[in-house]
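Undergrad: Heads up: the sequence shown runs through residues 1332 to 1610, numbered per this note's numbering.
Even glycine gets a Cβ: it sits at the ideal position worked out from N, Cα and C.
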Amino acid sequence: MRLCLKVAYVGTTLYGWQIQAADQAMHTVQGLLEHALSRLAGSDIRVHGAGRTDAGVHAEAQICHCDFPDERYARLHDMRHSLNCLLPDAVRVYAVYHVADAFHSRFSPHKKTYRYQFWQDRSAIPPRLIPFVWQCGPLDREKMCGALKYLGGRQDYAFLANAGAERENTVRSLPEVALCEYSFKPDFLPMQVLEVTGTGFLKQMVRNMAGLLAEIGRGKIQAEDIPGFIAKGSRKDVPAPTAPAGGLTLKAIAYDEEWFPVSEVSLPRPDKYYCERFQ
């Protein structure tokens, strides 16, 4: 039978989603899941993920699938519990679904949402947030919001793509780009959160977008410079850093209801919300 798993993980100590080398497999999410599933199945199990997250990047709702022996599954009282007993605390299986054999976690989704969290207070971070934010210092929210209109829609995102990944082209579609603000009064400056929804993403594209927005928020780059970066079509022509991996989380992956419903895990309602939507 084909099983689909909804998985969350803290990527701080992991080498990313994908197995890169056999001796590092147990430091990747894919490797840990395959090891646990293979033990339960009594045979080797291959896991296919909806997307690859880099080393240090987190996920609230990564989706993956595998083919699992029917007879072995029938012996398990609780598949989710059995898997979580074999996984480290940094990786948790939230749900296990039966899906049609035609389902593929990578090719079946129609959109993904990533979240990047900017922590503006240089003095301290609440301990529970330390692994999940970039302590970048104060940013001008209005300037950042003014840049969002240039960053969405269907266009060539070569200017935000790092080299090193196979790709047919660099055109992608981002129907929604938003900047949310969450208060931590009276002790801290508010946290700014970038949320990007798209049908596909290039290598480190969201982290590069976050780095660009941070430079705009610091006043080092103007929002009006972005069309020029797009026209040049080269990452090296954008004078902004790649934002650290720890601030990035794969928030949600959406599939058509014909496959199965997948709920999202969300932050509380933001204090301020600015969103650009594109046709």
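With the cut-off set at 8 Å, would you say phenylalanine 1399 and alanine 1372 are in Cβ contact?
TA: Yes, the Cβ-Cβ distance between phenylalanine 1399 and alanine 1372 is below 8 Å.
Undergrad: Contact defined as beta carbons within less than 8 Å: I believe tyrosine 1445 pairs with valine 1537. What is the distance between those atoms, to the nearest angstrom?
TA: Indeed they touch by this definition, with Cβ atoms about 5 Å apart.
Undergrad: Given asparagine 1312, which residues of its chain have a CB within under 8 Å of its CB, disregarding the five upstream and five downstream residues?
TA: It is not possible to answer for residue 1312, since the shown part of the chain is limited to 1332 through 1610.
Undergrad: So, cysteine 1397 versus valine 1427, is the Cβ gap smaller than 8 Å?
TA: Taking 8 Å as the Cβ cut-off, cysteine 1397 and valine 1427 do not qualify as a contacting pair.
Undergrad: Identify which residue in Leu1417, Lys1551, Thr1580 has its Cα closest to the Cα of glutamate 1391.
TA: Residue Thr1580 is the option with its Cα nearest to glutamate 1391.
Undergrad: If you reduce the DSSP assignment to three classes, tell me which class arginine 1608 lands in.
TA: Three-state result, arginine 1608: strand.
Undergrad: Taking glutamine 1349 and arginine 1383 to be in contact with their CB atoms under 8 Å, please state how far apart those CB atoms are, rounded to whole angstroms.
TA: Right, their Cβ atoms sit about 5 Å apart.
Undergrad: Tell me whether the region 1494-1510 and the region 1525-1539 touch, counting them as touching only if at least three CB pairs, one residue from each stretch, are closer than 8 Å.
TA: These segments touch.
Undergrad: So what does DSSP say about methionine 1536, is it helix, strand or coil?
TA: Methionine 1536: helix per DSSP, three-state reduction.
Undergrad: Considering only residues of the same chain and omitting the five flanking positions on each side of leucine 1491, which have a CB-CB separation below 6 Å?
TA: Around leucine 1491: Met1536, Asn1539, Met1540.
Undergrad: Return the bridge partner residues of arginine 1333 from the DSSP annotation.
TA: Its beta-bridge partners are Asp1398, Val1430.
Undergrad: Which of helix, strand or coil does DSSP assign to histidine 1441?
TA: Correct three-state label for histidine 1441: coil.
Undergrad: By DSSP, does lysine 1582 sit in helix, in strand, or in coil?
TA: Residue state, collapsed to three classes: strand.
Undergrad: Would you report the Cα separation of glutamate 1365 and leucine 1417, rounded to the nearest angstrom?
TA: If you take the alpha carbons of glutamate 1365 and leucine 1417, they lie about 11 Å apart.
Undergrad: Hey, would you say proline 1601 sits closer than 8 Å to glutamate 1473, going by beta carbons?
TA: The answer is no: Cβ separation not under 8 Å.
Undergrad: Just the Cα atoms here: how many angstroms apart are lysine 1534 and lysine 1567?
TA: Computed Cα separation, rounded: 14 Å.
Undergrad: DSSP state of histidine 1379, grouped into three classes?
TA: Note: histidine 1379 maps to strand in three-state DSSP.
Undergrad: With 16 as the cutoff for other CB atoms within 10 Å, does glutamine 1610 come out buried or exposed?
TA: So glutamine 1610 ends up on the exposed side.
Undergrad: Output needed for glycine 1387: all residues of its chain with C-beta closer than 7 Å, excluding positions within five of it in sequence on either side, in chain order.
TA: Answer for glycine 1387: Gly1342, Thr1343, Ala1576, Gly1577, listed in chain order.
Undergrad: With distance defined between alpha-carbon atoms, name the residue in Arg1333, His1389, Val1338 nearest to aspartate 1401.
TA: Nearest option by C-alpha distance: Arg1333.
Undergrad: Please go through the same chain and pick out, in chain order, the residues whose beta-carbon is closer than 8 Å to the beta-carbon of proline 1419, but skip the five residues on each side of it.
TA: The residues are Leu1363.
Undergrad: Which of the three DSSP states, helix, strand or coil, is assigned to proline 1521?
TA: Correct three-state label for proline 1521: strand.
Undergrad: Tell me which residues share the same chain as methionine 1410 and place their Cβ nearer than 6 Å to its Cβ, disregarding the 5 neighbours each side in the sequence.
TA: For methionine 1410, where only same-chain residues beyond five positions count, the Cβ hits under 6 Å are Val1427.
Undergrad: To which residues does DSSP link histidine 1389 through a beta bridge?
TA: Thr1580, per the DSSP bridge assignment.
Undergrad: Following the continuous beta strand (DSSP E) through glutamine 1361, name the residue where it begins and the one where it ends.
TA: Here glutamine 1361 belongs to no beta strand (DSSP E); instead the alpha helix (DSSP H) covers 1360-1372.
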